[in-house]
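K.L.:
If you read the sequences in order, they're chains G and W. Quick note: the first sequence, position 6, residue 6 per my numbering, numbers continuous. Numbers in my numbering are just positions in the second sequence, counted from 1, shifted up by 1000. Virtual Cβ for every residue (Gly too), placed ideally from N, Cα, C.
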Amino acid sequence: MIELIFADRCTGCNACVRICPTNVLEPGKNAPPAIARQEDCQTCFLCELYCEADALYVAPNCDEMVAVDAGAIAASGLLGQFRRDSGWHEWAGQSPNLHWRMGELFARAKAG
Amino acid sequence: MSLTLETDVLIIGGGLAGCWAAIAAAEAGAEVVLADKGYCGTSGVTATAGPNHWWVPPDPDRRAQAVRERNARALGLADPRWMARIIDTTWRTLPTLADYYDHSITAGGVPHYQSLRGPEYLRALRRYAEVRGVRILDHSPALELLLHADGAVAGARGLQRQEAPPAGRDWTVRAAGVVVATGGCAFLAKLLGSRNNTGDGHLMAAEAGARLSGMEFSTYHTVAERHSTQTRSASYAFADYFDAAGRPIDTGTDPDVTLPLARALLAGPVYATLARMPADLRAILHQIQPAILLPFQRQGIDPFTQRFPITLHGEGTVRGTGGLRLADEDCQTDVPGLYAAGDAATRELIAGAVSGGGAQNSAWAVSSGTWAGQAAARLAHGRGRRTGEAVDAAGGAGLRPTQGKGTGMPQAAQLTRQLYDGVRSEMLPYDKILFRRAPVLRRSSDTLADLWRAARDHLAPGRDATARVRAREAAALVACARWVTASALARTESRGLHRREDAAALDPAQTHRLVSGGLDAVWVAPEGAAVSTQVA
């Protein structure tokens, strides 16, 4: 579930509020959005994909809220990784979409 | 101030099927409004996935063979004509996305149309729909259908949950045709992208008089790392599984590892490793499926060298085959003017008793959406909008409690939570769903009937937008759970996804679809039978 919104990165664009499919966030008043309905978060990471400021962190645990170390996460290089790997926004062309090779995964697993 | 609109076609749901329905209706010349519970572009199970589509070139022999092969696996409940139709419509429709999705990656010089990455696919569909003039209402869940006096659908009503806090802004859309594309019902399992898939469309349609089919085929499960939603199974084709003592779990030769894993999970923790994945594929996995590695990396797990705990997430009717019954080739339900598309509709027509998971279901969403959108547009052109006529609202449980607050009844939020938990307890445990037995099904049936009565009699909509939506979700979840359970009881055999421990063999005499329906009195009947059997 989403655990962190980094105020020092957030530009206040509220894209995450708008695109979150389960309406977890509330727009802030001169502040970053608030995590208002964390229990509705479906841990889909799509808010991170749409956050051009890389200001969001979704913890991988979908069953319970977990303690997170904001400082360690900010230093980890994990912020924005989904966007980089997906080649979105400024990363266009730098991480080509190889989804079309999915079939190969199954075929080679089957072949052993 | 509420929002009131008149249009030709209303699409409820903005996932894969809903977007294609909206585009098809708009291209047929209709004015279209699309209302999504969440955000059209991230909503629905496809937005988080990477769908392949059933993709067979227009060579008569190859297509006939593809249909023959799938029909042979469908255990007698599919229809080869519908399979041939979706192959053809998918082949002709998917390339029209080319202006909005970057197909520049080619396999052998040919654009690779059939296998798409979910977030990019849904983003492209939204753009395509917008360019075609579709009016999209985000965060605007439909709550109930509107009906004409003659029983035909007249539109829907809902709320815009991000407007006018705290209660939300009410919307009413009058339309000649309505397409329900609300997805399957995942019963609040942690299946990736499924939180919104609570069967809302099934309930709304049933309240309007629609029937369902194939609800017993709702047992599909997908493996994921424990506590993770990443139900992306491709990498797990390379998985080896172990019990807590480190002993290998024999998953047999069948690629479907659900049953052996479920048995092992009922006995204790299960661990996996993806060590068999070749190095060259590991190196590009993040470019094939960027999300699958995120949970591992964030926990410091190397899935290729380490063993990590796993779970199985149920999928309800998502990659099962049950859903709203279709009365004609336009995907019209039993309610005139009300169409069903994608996972909200039964997929028995193309998959029979087995899952159409992956390629077939995606092709179904594209095709059924396209047909439903086109048919709704035709209806609008022929019959008109009928906006001058008075209409009735069809919604019940979670909107209009029959008895108000009973003595000692919990508050709406508390009752909603009880209903959520009650449905989870009956629909998610492996022993109840994967290893079905009549006595357990009967107890579930009784429990769910009690939950339905509580919802019908006492579940008030609540004061804020979130509570209003959740109350309807809770009612829908209970209704869907009852159709599933009743259908599972009625099918006294094992066939495909439906497995009965107390009737392990396939019974040739039950080679027919089971239709179900009803809200207060749930019933199940063989398709075409004159008499329905009330079971709960």
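1) Return the chain-ordered list of same chain residues with a C-beta closer than 6 Å to the C-beta of A1476/W, the five sequence neighbours on each side being excluded.
2) Find the nearest neighbour of L1506/W within the set L1514/W, R1513/W, V1515/W and G1496/W, judged by alpha-carbon distance.
3) Among residues of its own chain, excluding the 5 on either side of Q1313/W, which ones have a beta-carbon nearer than 6 Å to its beta-carbon?
4) Quick check: R1482/W and R1491/W, are their CB atoms within less than 9 Å of each other?
5) Which residues does DSSP pair with Y1271/W in a beta bridge?
6) Would I2/G count as contacting chain W if we go by Cβ distances under 9 Å?
7) Based on Cα-Cα distance, which residue from R1092/W, E1493/W, V1009/W and P1260/W lies nearest to A1509/W?
8) Alpha carbon to alpha carbon, what distance is there between D1450/W and S1532/W?
9) Identify whether T1533/W lies in helix, strand or coil by the three-state DSSP scheme.
10) Closer than 7 Å, Cβ to any Cβ of chain G: which residues of the segment 1262-1276 of chain W, in chain order?
11) Contact defined as beta carbons within less than 8 Å: I believe A1377/W pairs with D1036/W. What is the distance between those atoms, to the nearest angstrom?
12) Going by the CB atoms, is the gap between L1294/W and V1173/W shorter than 9 Å?
13) So what's N14/G in DSSP terms, helix, strand or just coil?
14) Within the 9 Å Cβ cut-off, does V63/G reach chain W?
15) Just the chain G side, please: which residues come within less than 9 Å of D1138/W by C-beta, in chain order?
16) Let's test the definition: count the other Cβ atoms within 10 Å of the Cβ of H1139/W and tell me whether it reaches 16, buried, or not, exposed.
17) With distance defined between alpha-carbon atoms, name the residue in D1464/W, G1151/W and P1260/W nearest to A1394/W.
18) Name, going along the chain, the residues of the segment 1185-1196 of chain W whose beta-carbon falls closer than 8 Å to a beta-carbon of chain G.
19) If you reduce the DSSP assignment to three classes, tell me which class R1366/W lands in.
20) So, are the CB atoms of V24/G and R9/G less than 9 Å apart?
21) On the premise that A1030/W lies in contact with D1464/W, defined as a C-beta separation below 8 Å, what is that separation, rounded to the nearest angstrom?
22) If you compare alpha carbons, which of F6/G, F106/G and Y50/G is closest to C20/G?
23) Taking only beta-carbon atoms, is K121/G less than 9 Å away from chain W?
24) Just the Cα atoms here: how many angstroms apart are A1536/W and A1234/W?
25) Using 9 Å as the threshold, is the C-beta distance between A1175/W and V1033/W below it?
26) Distance, Cα to Cα, Q1534/W vs S1516/W?
27) In angstroms with no decimal places, state the Cα-to-Cα distance between T1370/W and I1023/W.
28) Where does S1228/W sit, in a helix, a strand or coil, going by DSSP?
29) Look at L1122/W and G1177/W and say whether their C-beta atoms are less than 9 Å apart.
30) Which chain W residues are close to N23/G, counting only those with a beta carbon under 8 Å from its beta carbon?
31) Between the segment 1355-1373 of chain W and the segment 1330-1341 of chain W, are three or more C-beta pairs nearer than 8 Å?
32) Quick one: using the 10 Å Cβ neighbour count with 16 as the cut-off for buried, is A1474/W buried or exposed?
P.N.:
Straight from the coordinates:
1) As a working note, residue 1476/W is residue 476 in the second sequence. Answer for A1476/W: T1198, G1199, D1200 and L1203, listed in chain order.
2) Locating residue 1506/W in the second sequence gives position 506, where the first residue counts as 1. Among L1514/W, R1513/W, V1515/W and G1496/W, the Cα nearest to that of L1506/W is on G1496/W.
3) For the purposes of this step, residue 1313/W is identified with residue 313 of the second sequence, where counting begins at 1. Note on identity: in this sequence residue 1313/W is His, with Gln being the wrong assignment. A1189, K1190, L1191, T1222, A1224 and T1231, listed in sequence order.
4) Mapped onto the second sequence, residue 1482/W falls at position 482. Mapped onto the second sequence, residue 1491/W falls at position 491. No.
5) By one-based count along the second sequence, residue 1271/W stands at place 271. In the DSSP output, where bridge partners are listed per residue, Y1271/W has F1242/W and P1309/W.
6) The count along the first sequence starts at 1 and reaches residue 2/G at position 2. Not a single C-beta of chain W is nearer than 9 Å to the C-beta of I2/G.
7) As a first step, residue 1509/W is located in the second sequence; it is residue number 509 there, counting from the start. When each option's Cα is compared against that of A1509/W, the closest is E1493/W.
8) For the purposes of this step, residue 1532/W is identified with residue 532 of the second sequence, where counting begins at 1. For the purposes of this step, residue 1450/W is identified with residue 450 of the second sequence, where counting begins at 1. With a pLDDT of only 48 at S1532/W, under 50, the local geometry of the prediction cannot be trusted, and no value is derived from it.
9) The sequence position of residue 1533/W within the second sequence is 533, counting from 1. Note that T1533/W scores a pLDDT of 49, beneath 50, so its modelled location is shaky; the value from the coordinates is reported in the next line. It is a strand residue.
10) none
11) Indexing the second sequence from 1 puts residue 1377/W at position 377. Indexing the second sequence from 1 puts residue 1036/W at position 36. With a Cβ gap of about 20 Å, A1377/W and D1036/W do not count as contacting.
12) Taking the second sequence and counting its residues from 1, one reaches residue 1173/W at position 173. Taking the second sequence and counting its residues from 1, one reaches residue 1294/W at position 294. Contact: no.
13) Within the first sequence, the letter at position 14 stands for residue 14/G. Three-state result, N14/G: coil.
14) Your numbering for residue 63/G matches position 63 in the first sequence. Residue 63/G is actually Asp in this sequence, not Val. Output row for D63/G: interface = yes.
15) Residue numbering aside, residue 1138/W sits at position 138 when the second sequence is read from its first letter. Those are R18 and I19, listed as they occur along chain G.
16) Position 139 of the second sequence, counted from the first residue, corresponds to residue 1139/W. Buried.
17) The count along the second sequence starts at 1 and reaches residue 1394/W at position 394. Answer by Cα proximity: G1151/W.
18) Residues passing the 8 Å Cβ filter: K1190, L1192, G1193, S1194, R1195 and N1196.
19) Walking along the second sequence from the start, residue 1366/W turns up at place 366. The residue you asked about is not Arg; residue 1366/W is Val in the sequence shown. Helix at V1366/W.
20) Residue numbering aside, residue 24/G sits at position 24 when the first sequence is read from its first letter. Residue numbering aside, residue 9/G sits at position 9 when the first sequence is read from its first letter. With respect to the 9 Å criterion, V24/G and R9/G are not classified as neighbours on the basis of their beta carbons.
21) Residue mapping note: residue 1464/W aligns to position 464 of the second sequence, counting from 1. Residue mapping note: residue 1030/W aligns to position 30 of the second sequence, counting from 1. 34 Å between Cβ atoms; not a contact.
22) For the purposes of this step, residue 20/G is identified with residue 20 of the first sequence, where counting begins at 1. Nearest of F6/G, F106/G and Y50/G to C20/G, Cα basis: Y50/G.
23) Given a span of 1 to 112 for chain G in the structure shown, any question on residue 121/G remains unanswerable.
24) One-based indexing of the second sequence puts residue 1536/W at position 536. One-based indexing of the second sequence puts residue 1234/W at position 234. A caution first: A1536/W carries a pLDDT of 45, below 50, which makes its placement in the model unreliable, though a value can still be read off. Straight-line Cα distance between these residues: approximately 40 Å.
25) Walking along the second sequence from the start, residue 1175/W turns up at place 175. Walking along the second sequence from the start, residue 1033/W turns up at place 33. Yes. Within cutoff.
26) Stepping through the second sequence from its first residue, residue 1534/W is reached at position 534. Stepping through the second sequence from its first residue, residue 1516/W is reached at position 516. For Q1534/W, the pLDDT reaches just 49, beneath the cut-off of 50, and the residue's location in the model is therefore unreliable, although a value from the coordinates is still provided. Taking C-alpha positions only, Q1534/W is separated from S1516/W by approximately 10 Å.
27) On the second sequence, residue 1370/W is found 370 positions in, with the first residue counted as 1. On the second sequence, residue 1023/W is found 23 positions in, with the first residue counted as 1. When rounded, the distance between both Cα atoms is 8 Å.
28) Taking the first residue of the second sequence as position 1, residue 1228/W is located at position 228. The answer is coil: DSSP assigns S1228/W none of H, G, I, E or B.
29) Numbered from 1 along the second sequence, position 122 holds the residue referred to as residue 1122/W. Numbered from 1 along the second sequence, position 177 holds the residue referred to as residue 1177/W. No, they are not a contact pair.
30) In the first sequence, residue 23/G corresponds to position 23, counting from 1. Neighbours of N23/G on chain W, chain order: G1038, H1139, R1161, Q1162 and T1466.
31) yes
32) Along the second sequence, one-based indexing puts residue 1474/W at 474. A1474/W is classed as buried because its beta carbon has at least 16 other beta carbons within 10 Å across all chains shown.
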